[in-house]
Amino acid sequence: MPPDTLDCLENGARTPRHTLVWLHGLGADGHDLSTFAGLLLPEMSGVLRQVFPHAPYRHIALWGGETRAWYGFDSLEFGTSEHAADIDESVALIREVLERERRMLPPDGRLILGGFSQGGVIALAAGLAGDIRIDGIVALSTYLWGEVPDKHHALPVFMAHGTDDPVIPLALARSSVGRLRQAGIDVDWSEYPMQHQICDTEMVDLARWLRARLVAPPEPSTGG
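Residue numbering for the sequence shown follows the working numbering, beginning at 47 and increasing consecutively.
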């Protein structure tokens, strides 16, 4: 049985202006993305909170036993073999995290949900559901599972993938981008010469995308 709430690693400002929530991949935990995330926006450390939930433990037969996983799956045919009930459970757990984090922010604070691999699947599913107000989705080395909800949030999405990814096929990620765009979602899409990982150039591009959404433009001058 999944837990009622998720344990989370929490870094950054105690009274945040903005919050990023990061979902790790299969077999990892919240610490896996904390170093990467800490390097993205160092100049905002005083106003930025970053939260890293730990996925529940699940039995994954293809893994050979129990590990942290947002959902189980029956084969490597991603897009068709995932356990839908597990995904629904994880989305509900992340919804609780987002609700809590939203309450901590000022009215104009930004809340962005991101994830890598399995975590990206859940980030897209939870973010597009529209239950909680968030301001963007980051989906790295991942894909869109299921259909885009009819009443989805038209959020900005940053998606990126390795051209040599041996885990999640590039074609699956590209088709996911196409489906999101067809649904009217603004997707910033990039490909990098890498495998199932995060590279330095990707981090630079992601940091630029995040700054554009977290840093308010300067007020127009009214000087005389």
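The C-beta atom is built at its ideal place from N, Cα and C for all residues, glycine as well. As the structure is a computational prediction, the values presented were derived from the model and not from experiment.
Where do the ends of the alpha helix (DSSP H) carrying His134 lie?
To locate residue 134, count along the sequence shown from 1; it is residue 88. The sequence shown places Asp at residue 134, rather than the His named in the question. First-last of the alpha helix (DSSP H) with Asp134: 130-150.
Distance between beta carbons of Ile178 and Leu170, contact taken as under 8 Å
On the sequence shown, residue 170 is found 124 positions in, with the first residue counted as 1. On the sequence shown, residue 178 is found 132 positions in, with the first residue counted as 1. With a Cβ gap of about 14 Å, Leu170 and Ile178 do not count as contacting.
Starting from the Cα of Ile140, find the closest Cα among Ile106, Val167, Gln241, Val223 and give me that residue.
Taking the sequence shown and counting its residues from 1, the one referred to as residue 140 is at position 94. With respect to the C-alpha of Ile140, the residue from Ile106, Val167, Gln241, Val223 having the closest C-alpha is Val167.
CB contact flag (Asp234, Val194, <8 Å):
Along the sequence shown, one-based indexing puts residue 234 at 188. Along the sequence shown, one-based indexing puts residue 194 at 148. Not a contact, by the Cβ cut-off of 8 Å.
Quick test of your reading: Leu52 and Val143, contact by CB under 8 Å. State the CB separation rounded to the nearest angstrom.
For the purposes of this step, residue 52 is taken as the residue at position 6 of the sequence shown. For the purposes of this step, residue 143 is taken as the residue at position 97 of the sequence shown. Contact holds; Cβ gap of about 6 Å.
On the three-state DSSP scale, how would you describe Asp251?
Looking up residue 251 in the sequence shown gives position 205. Reduced to three states, the DSSP call for Asp251 is helix.
Length of the line joining the Cα atoms of Lys197 and Ile214
Here residue 197 refers to the residue found at position 151 when the sequence shown is read from its first residue. Here residue 214 refers to the residue found at position 168 when the sequence shown is read from its first residue. The straight-line gap from Cα to Cα measures roughly 27 Å.
Can the beta-carbon of His100 be found less than 8 Å from the beta-carbon of Asp75?
In the sequence shown, counting from the first residue as 1, residue 100 sits at position 54. In the sequence shown, counting from the first residue as 1, residue 75 sits at position 29. Against a cut-off of 8 Å, the Cβ pair of Asp75 and His100 comes out as a contact.
When you compare each of Gly192, Leu86, Met150 to Ala131 by their alpha carbons, which one comes out closest?
Translated into positions along the sequence shown, residue 131 becomes position 85. Ala131 has its Cα closest to that of Gly192, out of Gly192, Leu86, Met150.
Residue range of the beta strand (DSSP E) that Gln243 falls in?
The sequence position of residue 243 within the sequence shown is 197, counting from 1. Where Gln243 is concerned, there is no enclosing beta strand (DSSP E), because DSSP gives it neither an H nor an E.
Considering only residues of the segment 162-214, which uninterrupted beta strand (DSSP E) runs meet the minimum length of 3 residues and lie entirely inside it, listed in chain order?
Within the segment 162-214, complete beta strand (DSSP E) segments of at least 3 residues are found at 182-186, 203-208, given in chain order.
Between Thr81 and Met249, what straight-line distance do the alpha-carbon atoms span, to the nearest angstrom?
Start at 1 with the first residue of the sequence shown, and residue 81 comes out as number 35. Start at 1 with the first residue of the sequence shown, and residue 249 comes out as number 203. Using only the alpha carbons, I get a separation of about 12 Å.
Mapping DSSP to helix, strand and coil, what is Arg227?
Taking the first residue of the sequence shown as 1, we reach residue 227 at position 181. If DSSP states are grouped into helix, strand and coil, Arg227 belongs with the helices.
Taking only three categories from DSSP, how would you classify Gly73?
Translated into the one-based positions of the sequence shown, residue 73 becomes position 27. Under the three-state reduction of DSSP output, Gly73 falls in the coil class, being neither helix nor strand.
Decide if Ala258 is buried, meaning its Cβ has at least 16 other Cβ atoms within 10 Å, or exposed.
Sequence index remark: in the sequence shown, residue 258 carries index 212 (1-based). Result: exposed.
Arg148 to Leu69, Cα distance in whole Å?
Mapped onto the sequence shown, residue 148 falls at position 102. Mapped onto the sequence shown, residue 69 falls at position 23. Separation of Arg148 and Leu69 (C-alpha to C-alpha, rounded to the nearest whole angstrom) is 17 Å.
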